[in-house]
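Novice:
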Amino acid sequence: MGFKHIVKGIATCLPGLGGFACRKTGGTDSARYCYSVWLRHLVMIHRAGLDIRPKVVAELGPGDSIGTGLAALLTGVREYYALDVVEYANTQANLNIFEELVSLFSERRPIPGRDEFPEITPQLNSCKFPHEILTDEDLAEALAPSRIQEIRNALLRNTGVSPVRKENMAETAMIRGKDTIKIRYFAPWYDSGVIEPESVDMIFSQAVLEHVENLAGTYEALYRWLRPGGFMSHQIDFGSHGLSKHWNGHWAYSDLTWRLIKGKRPWLINREPYSTHRNLIEKTGFEIAGELKADDMSGINRNRLAARFADITDDDCKTITAYVLARKKA
Ligand SMILES: C[S@@+](CC[C@H](N)C(=O)[O-])C[C@H]1O[C@@H](n2cnc3c(N)ncnc32)[C@H](O)[C@@H]1O
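Residue numbers for the sequence shown, in the numbering used here: 645 to 974.
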């Protein structure tokens, strides 16, 4: 079972082949994807009645570019932190995506939907541009030519999300903008000291938390960074990410098989179901402010799951994706 995935996993352990499995993440190499993701998070936050004008935003796992964060900056965010474990983003990709994002927002394009990105979630009732959230007045300010230039400068000044770092991650991986616009990229970020405690209004992630190994420590770091009243907005995908022909087939692999499949990859999937996230979120001290789960009743029957997933709840068993919005109590 999973033979070809085991072979791939073992290949990542061979000298010279370790990097082949993690060169690209997909998704944020497209400006339209980044635009769609950021607007989806804003719509969900607005729906829950939380502040849709955060000024300081952090993103976990931006992937191939920091385009989703650039979309955030183009809607009025002033300071953006990107936290990844592998340095996927590069300045040229970021700049290309940025220019396209400027056009998308200037033209108030509709939110790209599942016809274009079949797996994108959370699903929205409407893909119209959310004028009620981003008014013409807000956007006139956020997209003023001088402000756009300031964001571009913040990116340009730093051709280097480059391989300079290692010794002093906090300093060398930092991209500095002018006083008003700040962009900072940390890869890998592991030390929670990279961001000041209680300095962030909003943290978001898209298709990332299912990959995080140290979930408890990560939720604690997110809690530490958020100011009281700040919130986090996450979309999580519980599917097998192509590692089985069934969406839930990753829960059928034994721990040994899974270790072989993972090999030496820096991240794969943590195989935790939604309730693990929900429990950790609450245990860390957050209150859940919104939730949107999607179910899938196809896939393998629960009696074929590996021993460690035998007690998975019926609800977890069918939850293929979940959007969760949680607030740090004021
Ligand atoms: C499937 S990609 C998603 C990328 C992007 N958010 C998107 O929507 O396309 C998963 C990303 O999570 C990152 N990642 C994995 N473990 C992480 C961790 N512990 N902290 C931060 N990012 C992590 C990976 O490096 C990768 O960039």
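Don't be surprised by glycine CBs; every beta carbon is placed ideally from N, CA and C.
Residues in the same chain with beta-carbon distance under 7 Å from Leu-717, minus the five sequence neighbours each way, listed in chain order, please.
Specialist: Cβ within range, chain order: Tyr-724, Ile-795 and Ile-825.
Novice: Could you tell me the distance, in whole angstroms, from the CA atom of Asp-708 to the CA atom of Glu-926?
Specialist: One C-alpha to the other measures close to 31 Å.
Novice: For a test of the three-state rule: what should DSSP assign to Ile-589, helix, strand or coil?
Specialist: Outside the displayed span of the chain (645 to 974) sits residue 589, for which this structure offers no information.
Novice: Taking the straight line between their C-alpha atoms, what separation do you get for Arg-752 and Ala-851?
Specialist: If you take the alpha carbons of Arg-752 and Ala-851, they lie about 25 Å apart.
Novice: Looking only at its chain, what residues have a beta carbon closer than 7 Å to the beta carbon of Arg-758, apart from the 5 residues adjacent to it on each side?
Specialist: Here the set comprises Ile-764.
Novice: Is Leu-727 near ligand 1, with its Cβ less than 7 Å from a heavy atom?
Specialist: Yes, the Cβ of Leu-727 comes within 7 Å of a heavy atom of ligand 1.
Novice: Alpha carbon to alpha carbon, what distance is there between Met-941 and Thr-965?
Specialist: C-alpha separation (whole angstroms): 12 Å.
Novice: Can you tell me which residues form a DSSP beta bridge with Asp-939?
Specialist: Paired residues: Thr-963.
Novice: First and last residue of the alpha helix (DSSP H) that includes Lys-906?
Specialist: Where Lys-906 is concerned, the enclosing alpha helix (DSSP H) stretches over 899-906.
Novice: If we ignore side chains and look at the alpha-carbon of each, how far apart do Val-968 and Glu-931 end up?
Specialist: Each residue's alpha carbon lies about 11 Å from the other.
Novice: Taking buried to mean at least 16 other C-beta atoms within 10 Å of its own C-beta, is Val-729 buried or exposed?
Specialist: Classification of Val-729: buried, given that the 10 Å Cβ count is 16 or more.
Novice: Kindly indicate which residue of Phe-882, His-890 and Lys-906 has the alpha-carbon position closest to the one of Thr-920.
Specialist: Nearest of Phe-882, His-890 and Lys-906 to Thr-920, Cα basis: Phe-882.
Novice: With DSSP run on the structure shown, which of helix, strand or coil describes Met-818?
Specialist: Residue placement at Met-818 is poorly supported in this model, since its pLDDT is 41, which falls under 50; the coordinates still yield a value, given next. Met-818: coil per DSSP, three-state reduction.
Novice: Please report the straight-line C-alpha distance between Pro-762 and Arg-828, rounded to a whole angstrom.
Specialist: Spanning the two alpha carbons is a distance of roughly 31 Å.
Novice: What do you reckon, are the CB atoms on His-585 and Arg-915 nearer than 8 Å?
Specialist: Any property of residue 585 remains undetermined from this structure, which presents the chain solely from 645 to 974.
Novice: Can Arg-909 and Thr-656 be called in contact, C-beta distance under 8 Å?
Specialist: Yes.
Novice: Where do the ends of the alpha helix (DSSP H) carrying Glu-864 lie?
Specialist: Counting along the chain, the alpha helix (DSSP H) containing Glu-864 begins and ends at 859-869.
Novice: Mapping DSSP to helix, strand and coil, what is Arg-828?
Specialist: In this structure, Arg-828 counts as strand in the three-state DSSP scheme.
Novice: Is any heavy atom in ligand 1 found nearer than 7 Å to the beta carbon of Ala-966?
Specialist: No, Cβ of Ala-966 sits at least 7 Å from all heavy atoms of ligand 1.
Novice: Would you tell me roughly how many angstroms separate the C-alpha atoms of Gly-705 and Leu-727, rounded to the nearest one?
Specialist: C-alpha separation (whole angstroms): 6 Å.
Novice: Short check: CB of Ile-944 to CB of His-890, under 8 Å?
Specialist: Cβ distance < 8 Å, so Ile-944 and His-890 count as in contact.
Novice: Out of curiosity, what's the CA-to-CA distance linking Arg-871 and Tyr-834?
Specialist: Rounded to whole angstroms, Arg-871 to Tyr-834 spans 20 Å at the Cα level.
Novice: Since Tyr-724 sits in a beta bridge, which residues does DSSP pair it with?
Specialist: In DSSP, Tyr-724 forms a bridge with Val-701 and Ile-827.
Novice: Taking 8 Å as the cut-off, decide whether the C-beta atoms of Leu-778 and Ile-741 are in contact.
Specialist: No, the pair does not count as a contact, with Cβ atoms beyond the cut-off.
Novice: Which of helix, strand or coil does DSSP assign to Pro-756?
Specialist: Correct three-state label for Pro-756: coil.
Novice: Going by DSSP, name the residue or residues bridged to Ser-877.
Specialist: Ser-877 is bridged to Phe-848 and Leu-969.
Novice: For Lys-652, report the span of its alpha helix (DSSP H) as first-last.
Specialist: First-last of the alpha helix (DSSP H) with Lys-652: 647-655.
Novice: Quick check on Leu-900: buried or exposed, where buried means 16 or more other Cβ atoms within 10 Å of its Cβ?
Specialist: It counts as exposed.
Novice: Can you find a CB in chain B that lies within less than 8 Å of the CB of Pro-872?
Specialist: The structure shown contains no chain B, having only a single protein chain.
Novice: What residue range is occupied by the uninterrupted alpha helix (DSSP H) comprising Thr-712?
Specialist: That run of the alpha helix (DSSP H) goes 711-718.
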